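The opening position of the sequence shown corresponds to residue 5 in our numbering, with each subsequent residue numbered one higher. For each residue, glycine too, the CB sits at the ideal point set by N, CA and C. All of these numbers come straight from a predicted model, not from anything done at the bench. Report on the following structure.
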Amino acid sequence: MNQSTSSIPVRAIQLGERIDLKGLERDDAFSTDPLAFRTPTGGSVMLFKSGAAVFIGLTPIEEEDLIRGLGDRIVDPLESRENENAQLVVKPGDDELLSMSGAIQLKNADPSRLLLVAEALAVSVALSYGERRIAETFERISSIADQLKGGKLPSASQSVLLEQIGEALSIQQRMASRVDLDEKPDILWDLPSLERFWAKLVDEYDLNQRARAIDRKLAVIRETSDTLVDLIATRTSHKLEWYIIALIAFEIGLSLFDRIWK
């Protein structure tokens with residue numbers, strides 16, 4: 005991929021919950037975390053432990069071949085993948101700018117800049133995946149909210165409620181492991197001159213705003229989980245009370261039975 009290239013396609017895909025990169029180390033890799041390497045055709049591939057893959061300058065057929073090659077290394081592959089497309093425009097001599105058309109302009113297509121583009125897109129598809137999961141969770145808990153608003157305890161079984169709590173906690177844990185915008189990409193520690201470019205990427209894809217929105221929604225889900233735990237405890241307490249009442253009634257019945265027959 006040379007600097008005279010005018011436009012280079014980029015595609016980021018959330019393939020699964022995570023990608024097992026152990027054992028995939030390569031001598032020709034220009035990064036180990038994420039694992040990044042050039043392809044024989046001049047493209048670049050970045051694989052993230054968070055389950056995202058970013059392809060730069062590859063054809064759709066090349067992308068699918070690489071995805072199939074990962075095989076079982078994709079943990080919990082997604083049936084519906086999140087993806088994001090972009091175009092890199094290389095203009096030697098120009099500053100890195102993000103055009104209004106959505107194309108990402110680079111001085112050159114050096115590995116450092118490509119890694120930052122890949123990092124931003126990997127975070128973006130992770131956020132998209134989290135947003136979709138959270139939307140699905142909100143749909144499920146809305147029925148519970150409606151029942152509570154009507155002054156009724158949820159009619160769902162305890163196993164269903166526990167499943168919803170587990171789903172909420174799972175989303176929270178997975179988003180925390182995928183998205184941490186407070187921690188800048190490793191490449192910036194070696195090349196602080198690229199921090200301005202990274203800030204533009206973060207702003208272009210609204211990463212901070214989207215992450216904050218997800219945090220707010222996760223807070224609601226956490227509160228809902230706490231409420232469900234309390235409801236389960238209340239329901240269990242009510243059952244125990246009825247069990248105790250039933251036992252007392254049974255003992256009274258036995259006592260009356262003994263007296264009558266004696």
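Opposing strand residues paired with residue i [DSSP bridges]
i: Q18; result: A56, E86
i: L92; result: I12, I108
i: V79; result: R22
i: A223; result: Note: A223 sits in no beta bridge, so no partner.
i: R42; result: S48
For residue i, the first and last residue of its enclosing beta strand (DSSP E)
i: F34; result: Taken as a continuous stretch (DSSP letters only), F34 belongs to no beta strand (DSSP E), as it is neither H nor E.
i: L51; result: 48 to 51
i: K110; result: The identity of residue 110 in the sequence shown is Leu, whereas the question assumes Lys. 108 to 110 is the extent of the beta strand (DSSP E) around L110.
Outcome for residue i when other beta-carbon atoms lying within 10 angstroms are tallied against a minimum of 16
i: I23; result: buried
i: I78; result: buried
i: S54; result: buried
i: S174; result: exposed
i: A203; result: exposed
i: S35; result: buried
i: E86; result: buried
i: Q18; result: buried
i: A16; result: buried
i: A223; result: exposed
i: T141; result: buried
i: I218; result: buried
i: R30; result: exposed
Run of the alpha helix (DSSP H) containing residue i, from where it starts to where it stops
i: D207; result: 199 to 208
i: G73; result: 64 to 74
i: L192; result: 191 to 194
Supposed contact pair residue j and residue i - C-beta distance, whole angstroms, cut 8 Å
i: V127; j: L211; result: 6 Å
i: P13; j: G73; result: Not a contact, Cβ separation roughly 20 Å.
i: V94; j: A113; result: 5 Å
i: S11; j: Q91; result: 5 Å
message = With three or more beta-carbon pairs closer than 8 Å as the criterion, would you say the segment 115 to 123 touches the segment 41 to 58?
response = Touching, yes.
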